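Okay, so here's the structure we're looking at.
Residue numbers (my numbering), protein chains in the order written: chain A, 625 to 983; chain B, 1348 to 1607.
Okay, here's the thing in structure tokens:
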């Protein structure tokens, strides 16, 4: 019995069918989402296989299986897989997912579709602190991760505070991010010029690449990324509520200030952790969230995992290309990412889905 | 009952309203009116705890609202802002957001929540829109979806900031009728309205603000007779009784024109 019926009886009629239809549509949407997710998982599987199999030398699937089964330390195939390809693959998956999820979070909590981690200077901030850590404590890799994370959070808060002080309009956040980012970029350049040996492969660091990744270096950052991702999923519904605007969200009982701060910290952890082993990898954090929204819509509960998947696939594929195009030489993955991602993103923008894409 | 005692409120520590003492009775519709920028929205936001008062207290049934946890308060009072960022979601999901204060740790709606959302949607005849994106709805449709969200939030006190602004006459009247229904359900409604004629015809109480103070807070009749509206807005006003539709009975209507 409808308790509201008493008061709204004049226009109330039995429209259960319409409602049922709508619920059915909701169900068919769910099966669409499942299909998309299943397809992305399949794609990720293929990408993982190719990433392990292809490279300067080609390893067939049967050889991969035998090598992993036997675990023979003296075999070249095993060592290539274990110490080069698997760490690299994992690194690409983790970094792609982390930066994409960070992009989704930043765009949601700052209510700004331009807020990619590279655009608002978080990547540079993480990079600067990572380089400083490398200059002063070259031996500690854990410290580099912590430093990158600290850099990311400091930059995020700096950008946020500048924007808030000056009125927090959506344009201000981007402008202050660009300003902070270029200032930090200048600091990075200065350090690299004055202390060229601080960063072993500076091109790879500035553009982003996976050539120096080892499992050992990945462990700490990887655990941080996985944990942060899980935590961000727990409150993803609240991100949807925040999209109603601050006033509505707080009248629904959300502590908007605390929530936003908490999620900015999560984004900073994700960015910082991945920057510590990839270098300043940009772009993926901007285009993957938008592409995912076009695929599955704006519900953050679905958007976060789909962005993570798509980010992994995109980064893994770019890294694969980076390794094989000019083999045995390899390009930093960031170059391929921009070469592929740039035109793709422009194509997306031009497709006429502007309304959907922009917010 | 909502009570504001010695409330001063504003932005960045600069008060817009000073030393306000007001109470909104249970089960009544109150319209806050006043010139642009006189602090109507500020007052509404303060009463709804969106804005913290600089001084004084706001209480709900005798209890200071600043002491309630966010979600507890959200079960007692709801607020519909005038300007808002319209999310890119379906109308159904928007209405479901009204259940947010009632959701548990997992944020999964229970059967009860779904049922209340269904009732809210059906009450306002929104079944046809529930799978439509809120951004694709017209102003009137979207406003009704937001009201359905408030229905789902199911609070005793409802604050509305300009609920009829930018709407065509049909939707405007429809929204005002919905507000009447909310009142019949026993809810307390406090809203900001720019349309003086609507405010006077649809409210039980009018609260007229000017220069940071409450000029008069009384029944529409008394406020009209006080001629304070004429003074503050610099208009001449007239009350007429007309029968708009044959057999509908005479209605009070208010007319305004610029002072000569």
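Just so it is clear, CB atoms sit at the ideal spot from N, CA and C, and this is done for glycine as well.
Everything numeric in this text was worked out from a predicted model, so none of it was measured.
Cα-Cα separation between residue i and residue j, rounded to whole angstroms
i: residue 1648/B; j: residue 1443/B; result: Lying before the first or after the last residue shown, residue 1648/B is absent from chain B, which here runs from 1348 to 1607.
i: residue 748/A; j: residue 1377/B; result: 53 angstroms
i: residue 1389/B; j: residue 1468/B; result: 30 angstroms
i: residue 1546/B; j: residue 1506/B; result: 14 angstroms
i: residue 1606/B; j: residue 1403/B; result: 38 angstroms
i: residue 1509/B; j: residue 804/A; result: 39 angstroms
i: residue 1522/B; j: residue 914/A; result: 36 angstroms
i: residue 761/A; j: residue 755/A; result: 10 angstroms
i: residue 781/A; j: residue 852/A; result: 18 angstroms
i: residue 1354/B; j: residue 1482/B; result: 37 angstroms
i: residue 870/A; j: residue 880/A; result: 6 angstroms
i: residue 1438/B; j: residue 1476/B; result: 6 angstroms
i: residue 637/A; j: residue 1532/B; result: The predicted position of residue 637/A is uncertain, since its pLDDT is 47 and thus under 50; a value taken from the coordinates is nonetheless stated next. C-alpha separation (whole angstroms): 19 angstroms.
i: residue 878/A; j: residue 784/A; result: 20 angstroms
i: residue 1536/B; j: residue 922/A; result: 32 angstroms
i: residue 816/A; j: residue 810/A; result: 10 angstroms
i: residue 1350/B; j: residue 1552/B; result: 14 angstroms
i: residue 1576/B; j: residue 1401/B; result: 28 angstroms
i: residue 938/A; j: residue 1419/B; result: 44 angstroms
i: residue 1424/B; j: residue 733/A; result: 25 angstroms
i: residue 712/A; j: residue 837/A; result: 6 angstroms
i: residue 882/A; j: residue 862/A; result: 12 angstroms
i: residue 1370/B; j: residue 1585/B; result: 28 angstroms
i: residue 625/A; j: residue 970/A; result: With a pLDDT of 40 at residue 625/A, under the threshold of 50, the modelled position of that residue is not reliable, and the figure given next carries that caveat. Going from the Cα of residue 625/A to the Cα of residue 970/A covers about 52 angstroms.
i: residue 807/A; j: residue 801/A; result: 10 angstroms
i: residue 1561/B; j: residue 1578/B; result: 14 angstroms
i: residue 1417/B; j: residue 876/A; result: 8 angstroms
i: residue 942/A; j: residue 704/A; result: 20 angstroms
i: residue 701/A; j: residue 933/A; result: 28 angstroms
Which residues DSSP lists as bridging residue i, in chain order
i: residue 1539/B; result: 1379/B and 1508/B
i: residue 1034/A; result: Within the shown structure, residues of chain A are numbered from 625 to 983, placing residue 1034/A beyond reach of any answer.
i: residue 1480/B; result: 1437/B
i: residue 1585/B; result: 1602/B
i: residue 815/A; result: Paired residues: none, contrary to the question.
i: residue 1362/B; result: 1357/B
i: residue 1554/B; result: 1379/B and 1564/B
i: residue 850/A; result: According to DSSP, residue 850/A bridges with nothing at all.
i: residue 1349/B; result: 1371/B and 1407/B
i: residue 1425/B; result: 1505/B
i: residue 1402/B; result: 1355/B
Proximity test, residue i beta-carbon vs the ligand SAH heavy atom, cut-off 7 angstroms
i: residue 1412/B; result: This structure lacks the ligand SAH; in fact it carries no ligand of any kind.
Pick from the options that is closest to residue i, judged by C-alpha positions
i: residue 1352/B; options: 1410/B, 1381/B, 1379/B and 1380/B; result: 1410/B
i: residue 1499/B; options: 1601/B, 1421/B and 1394/B; result: 1421/B
i: residue 916/A; options: 702/A, 821/A, 731/A and 651/A; result: 731/A
i: residue 1480/B; options: 1472/B, 1492/B and 1470/B; result: 1492/B
i: residue 1555/B; options: 1548/B, 1549/B and 1543/B; result: 1543/B
i: residue 706/A; options: 935/A, 947/A, 722/A and 839/A; result: 839/A
i: residue 1519/B; options: 1407/B, 1590/B, 1549/B and 1487/B; result: 1487/B
i: residue 1455/B; options: 856/A, 701/A, 860/A and 739/A; result: 860/A
i: residue 653/A; options: 668/A, 752/A and 919/A; result: 919/A
i: residue 965/A; options: 927/A, 787/A and 945/A; result: 945/A
i: residue 1494/B; options: 1571/B, 1359/B, 1471/B and 1587/B; result: 1471/B
Residues that residue i contacts on chain C, provided the C-beta gap is smaller than 7 angstroms
i: residue 883/A; result: The structure shown contains no chain C; its protein chains are A and B.
Three-pair Cβ contact test at 8 angstroms for the stretch 882-898 of chain A versus the stretch 776-785 of chain A:
yes
Chain A contacts made by the stretch 1417-1435 of chain B, where a contact means CB separation under 7 angstroms:
1417, 1418, 1420, 1421, 1425, 1426, 1428, 1431, 1432, 1434 and 1435
Chain-ordered residues of the stretch 860-879 of chain A with a beta carbon less than 8 angstroms from chain B:
861, 862, 864, 865, 867, 868, 869, 871, 872, 874, 875, 876, 877, 878 and 879
Taking 8 angstroms as the threshold, find out whether the stretch 900-916 of chain A comes into contact with the stretch 1459-1469 of chain B through three or more Cβ pairs.
no
Taking Cβ-Cβ distances below 9 angstroms as the criterion, which residues of the stretch 911-934 of chain A are in contact with chain B?
917, 921, 922, 923 and 925
For the pair the stretch 1351-1369 of chain B and the stretch 837-846 of chain A, tell me if three or more CB-CB distances fall below 8 angstroms.
no
So, do the stretch 1560-1567 of chain B and the stretch 1392-1399 of chain B have three or more beta carbon pairs nearer to each other than 8 angstroms?
no
Quick one, which residues of the stretch 649-666 of chain A are near chain B if we go by CB-CB under 9 angstroms, in chain order?
649, 650 and 653
Closer than 8 angstroms, Cβ to any Cβ of chain B: which residues of the stretch 717-735 of chain A, in chain order?
735
Mind the definition here: the stretch 647-666 of chain A touches the stretch 680-690 of chain A only if three or more C-beta pairs lie below 8 angstroms; say whether that holds.
no
Could you please tell me which residues of the stretch 1522-1542 of chain B, in chain order, have their CB closer than 7 angstroms to any CB of chain A?
1528, 1531 and 1532
Can you pull out the residues from the stretch 834-863 of chain A whose beta carbon lies closer than 9 angstroms to at least one beta carbon of chain B?
858, 859, 860, 861 and 862
Under 7 angstroms (Cβ pairs) to chain B, residues found in the stretch 883-904 of chain A:
none
Count Cβ pairs between the stretch 713-723 of chain A and the stretch 847-861 of chain A that sit closer than 8 angstroms; are there 3 or more?
yes
Residues of the stretch 1476-1501 of chain B whose Cβ lies closer than 8 angstroms to any Cβ of chain A, in chain order:
1477, 1478, 1482, 1498 and 1500
What residues in the stretch 1395-1407 of chain B bring their beta carbon closer than 7 angstroms to a beta carbon of chain A?
1395 and 1397
Note down, in chain order, all residues in the stretch 1445-1464 of chain B with a beta-carbon under 7 angstroms from any beta-carbon belonging to chain A.
1447, 1448 and 1454
Quick one, which residues of the stretch 1579-1590 of chain B are near chain A if we go by CB-CB under 9 angstroms, in chain order?
none
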